[in-house]
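Reviewing the structure listed below.
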Ligand code: PGA
């Protein structure tokens with residue numbers, strides 16, 4: 003099955019109103035590459051301004067709460083970010099697993115909440131360096147997928163992102179063989195869980211993706227796009243990744 007490539011940025015806890023100017027050139031590059039889907043997840047404080055500024059670009063949230071509303075001081079729900087203009091949400095990012103002690107079960111509940119609110123979801127998984135060194139990467143990713151993918155998932159709203167934690171922000175990436183191996187295992191696991199619908203679910207690679215390595219990573223089998231942190235903060239670094247995906 004042909005899956006459209008998706009290049010998604012994740013600004014993490016970076017950016018202010020002045021940074022939104024970067025989105026102008028990113029939106030222009032996205033429009034020049036209609037065969038590729040492009041999105042940028044920004045901090046909650048910037049979602050509305052970003053969505054107003056570049057209506058053609060898909061703006062996302064970096065997290066959502068699992069409840070739609072309620073007594074959860076400091077949290078932000080999926081309907082709230084949807085109303086602010088977000089079209090997708092990232093859930094289960096490894097930085098939230100590490101810093102906020104989120105589990106795969108939390109990621110499952112957040113994915114379901116985002117879907118209820120009409121958002122698309124980028125659901126993250128990936129092993130630590132210790133787990134990879136212990137030869138447990140495949141089992142860890144399989145277990146994360148099993149615990150976090152909702153039963154009713156399909157490619158119309160769910161995207162998976164494989165992000166080995168040791169490759170995030172480090173400039174290190176797995177070998178092409180290792181990326182392809184995990185993506186194949188992730189696809190097989192999805193098939194076990196949701197049957198043929200797995201074929202429509204995109205699986206992104208994330209972790210130190212740059213303009214220099216994007217095209218070769220995105221050409222791998224079962225790699226349907228990229229989730230990009232550091233290199234999504236400026237148009238100068240992000241646009242070559244979009245162009246790399248478009249050239250495939
Ligand atoms: P990085 O981050 O591109 O800066 O490695 C990727 C991510 O955390 O999504």
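Residue numbers (my numbering): 3 to 250.
We treat Cβ as the ideally placed atom computed from N, Cα and C, and that holds for glycine.
task = Evaluate the contact criterion for the stretch 127–139 versus the stretch 159–173: three or more CB pairs, one atom per stretch, below 8 angstroms.
result = yes
Residue from 38, 118 and 211 whose Cα sits closest to the Cα of residue 80 = 118
key: Between the CA atoms of residue 206 and residue 185 - distance to the nearest angstrom   = 9 angstroms
query = From residue 83 to residue 124, what does the alpha carbon distance come to, in whole angstroms?
reply = 15 angstroms
inquiry  = Please classify residue 67 as buried or exposed, where buried requires at least 16 neighbouring CB atoms within 10 angstroms.
reply    = buried
The ligand PGA heavy atom lying under 7 angstroms from the CB of residue 233 = yes
message = When you compare the stretch 226–245 with the stretch 3–20, are there three or more beta-carbon pairs, one atom per stretch, that lie closer than 8 angstroms?
response = yes
task = Report whether the distance from the Cβ of residue 158 to the nearest heavy atom of the ligand PGA is below 7 angstroms.
result = no
CA-to-CA distance, residue 122 to residue 153, given in whole angstroms = 15 angstroms
Backbone CA spacing between residue 202 and residue 21 [nearest angstrom] = 34 angstroms
message = Considering Cα atoms alone, identify which of 226, 237 and 91 is closest to residue 43.
response = 91
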